[in-house]
Amino acid sequence: MKHGYLMNLYVTPRSYADCEARAAAHQPAIHRPEDEFEKALVELYTGWLRYADARQQRYGSGVRDDGLLGSERAEISVALNEFLGEQWAAIGVALRGLLHGERGRLDGRTLDSLAANALRSEGFEPDNL
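Next up, the structure:
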């Protein structure tokens, strides 16, 4: 588990060295989304990544450890293995699925890799969720 996921959204991946055209379109879309699809996806990814970073900053652990502790259902939650981290992972899977639709200038492969890497870093196997 690591933290600082949100900053990864705004960094140009090394893989762009071989494809300047993708970088020329993707990075401006991340920093200044123009159409509603770009805005929606950037905001969705931002919130999802920010949650993981916030968990790490506040509790010093990853979202995989984020349970329903402190709620009335704490004992049931632990017994049933119902953790909020699994819900976070489900959002990541859904975000990857949205990349099959309209995404404006955003590069789907880059965003898919970002989500898969974040899931993997938090202890989830992205292709088995």
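To convert, count from 1 in the sequence shown and add 15; that's this note's numbering.
Ideal Cβ positions, reconstructed from N, Cα and C, are used throughout, including at glycine.
Just so you know, these numbers come straight off a predicted model, no measurement behind them.
- Rounded to whole angstroms, the separation of the alpha carbons of Pro43 and Asp50 is 12 Å.
- Collapsing the DSSP output to three states places Arg118 in coil.
- In the structure shown, Arg47 adopts coil according to DSSP, grouped into three states.
- Where Gly123 is concerned, the enclosing alpha helix (DSSP H) starts and stops at Gly123 to Ser136.
- If you compare the alpha carbons of Tyr66, Arg120 and His46 with that of Leu134, the shortest gap goes to Tyr66.
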